[in-house]
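Novice: Numbered per the working numbering, the sequence shown spans residues 3 to 267.
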Amino acid sequence: MILPSVSPAHWLLSLGAALAYAVPALAASRIGAERGRAALWVAWVLHAAVLAWGLLGSVPRFGFAPALSMTAWLVLTVYAIEHQVFPQMRTRWMLAALGAAAVLLAQVFPGQPLHVNASAWLPLHLALGIASYGLFAAAVVHAWLMTRAERRIRLAADPRSGVPLLTLERLTFRFVVAGFVLLTATLAAGLFFGETLYGRAWNWDHKAVFSVLSWLTFAVLLIGRSRFGWRGRSAVRVLYAGAGLLLLAYVGSRFVLEVVLGRSL
Numbered sequence: 003m004i005l006p007s008v009s010p011a012h013w014l015l016s017l018g019a020a021l022a023y024a025v026p027a028l029a030a031s032r033i034g035a036e037r038g039r040a041a042l043w044v045a046w047v048l049h050a051a052v053l054a055w056g057l058l059g060s061v062p063r064f065g066f067a068p069a070l071s072m073t074a075w076l077v078l079t080v081y082a083i084e085h086q087v088f089p090q091m092r093t094r095w096m097l098a099a100l101g102a103a104a105v106l107l108a109q110v111f112p113g114q115p116l117h118v119n120a121s122a123w124l125p126l127h128l129a130l131g132i133a134s135y136g137l138f139a140a141a142v143v144h145a146w147l148m149t150r151a152e153r154r155i156r157l158a159a160d161p162r163s164g165v166p167l168l169t170l171e172r173l174t175f176r177f178v179v180a181g182f183v184l185l186t187a188t189l190a191a192g193l194f195f196g197e198t199l200y201g202r203a204w205n206w207d208h209k210a211v212f213s214v215l216s217w218l219t220f221a222v223l224l225i226g227r228s229r230f231g232w233r234g235r236s237a238v239r240v241l242y243a244g245a246g247l248l249l250l251a252y253v254g255s256r257f258v259l260e261v262v263l264g265r266s267l
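1) By Cβ distance, which residues of its chain are closer than 8 Å to M3, with the 5 residues on each side in sequence left out?
2) Check whether the Cβ atoms of L76 and T174 lie closer than 9 Å to each other.
3) Pull the bridge partners of F64 from the DSSP assignment, please.
4) For the alpha helix (DSSP H) holding L157, just list the boundary residues, first then last.
5) Excluding the five sequence neighbours on either side, which residues of its own chain have a C-beta within less than 8 Å of the C-beta of A141, listed in chain order?
6) Return the Cβ separation of A104 and L70 in integer angstroms, given the expectation that the two are a contact with Cβ distance under 8 Å.
7) Mapping DSSP to helix, strand and coil, what is T169?
8) For L97, which of W13, I225, G56 and A22 has the nearest alpha-carbon?
9) Compute the Euclidean distance between the alpha carbons of L224 and R233, then round it to the nearest angstrom.
10) Could you give the distance in angstroms between the alpha-carbon of L215 and the alpha-carbon of F138?
11) Rounded to the nearest angstrom, what separates T219 and A243 at their Cα positions?
12) Please classify S236 as buried or exposed, where buried requires at least 16 other C-beta atoms within 10 Å of its C-beta.
13) Does D207 come within less than 9 Å of chain B when only Cβ atoms are used?
14) Does DSSP put M3 in a helix, a strand or coil?
15) On the criterion of 16 or more Cβ atoms from any shown chain inside 10 Å, does W13 qualify as buried, or is it exposed?
16) How many angstroms separate the CA atom of F257 from the CA atom of A191?
17) What separation, rounded to the nearest whole angstrom, lies between the Cα atoms of T73 and W206?
18) As an exercise, report each continuous beta strand (DSSP E) stretch of at least 3 residues that is fully enclosed by the region 179-255, in chain order.
Right, here's the structure in full:
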């Protein structure tokens, strides 16, 4: 295990964020919608402060768990925006549980210090990669909601109890397209500026292989939808496969390096 080397204040801030997330995750039905929404907003702000502390502190750190934490925060940001347009979207408890787990995981595995001699372009490269993670994670959440909506239709449940199925499908693929654009930019940066970013040219390691495989999977998904009208369960399965490969690309590789092998590179 990689023990955290962060200040007690950072631990308290993270614990506060996790507890605020736990309120709507564990007691949503008892505290009411308004209080649950307020607790989620408090958790979102505290989570942002935790991320800023980790990246902008005296010793910036990054790794697989901070990457997951940032992804969770981005998904919650998307939810906060969408809830203003679609108040009937009901994923607060699930996203709150995800946020709490991500914050605590990042405290147990805070990652490795970023090299002081790293390229000035490295933050942009990491930002593009994490943004693509967040958009694809949002697409996965919407795909899950879409699957749930289809199940409710088959069971003849109240169709007005959630976001319409076609709206969910449209939102899902908008996130896929946006994530695909950012993933393409991330891979292009690694291909053309790899030596500047990491001190070496493009290398076909596990991260590169899984990244390219995920890019190909998402490309097939978008072509299949555009040319052959893929939708429903078939499209969702391909989306899940691409998201799984993308998760293995950075998070999986860094987990093996940081936790299993105990290495920083």
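Even for Gly, the Cβ is constructed at its ideal location relative to N, Cα and C.
None of these values were measured; they are calculated from a predicted model.
Specialist: A quick look at the data gives this:
1) Note that M3 scores a pLDDT of 41, beneath 50, so its modelled location is shaky and nothing firm can be said.
2) no
3) Q114
4) L157 -> no alpha helix (DSSP H), and no H or E assigned at all.
5) T174, F175, F177, V178, G181, L241 and A245
6) 5 Å
7) helix
8) A22
9) 10 Å
10) 15 Å
11) 7 Å
12) exposed
13) Of the protein chains in this structure there is only one, and it is not chain B.
14) For M3, the predicted model reports a pLDDT of 41, less than 50, meaning its position is unreliable; a value from the coordinates is still stated below. Coil, per DSSP.
15) exposed
16) 23 Å
17) 25 Å
18) none
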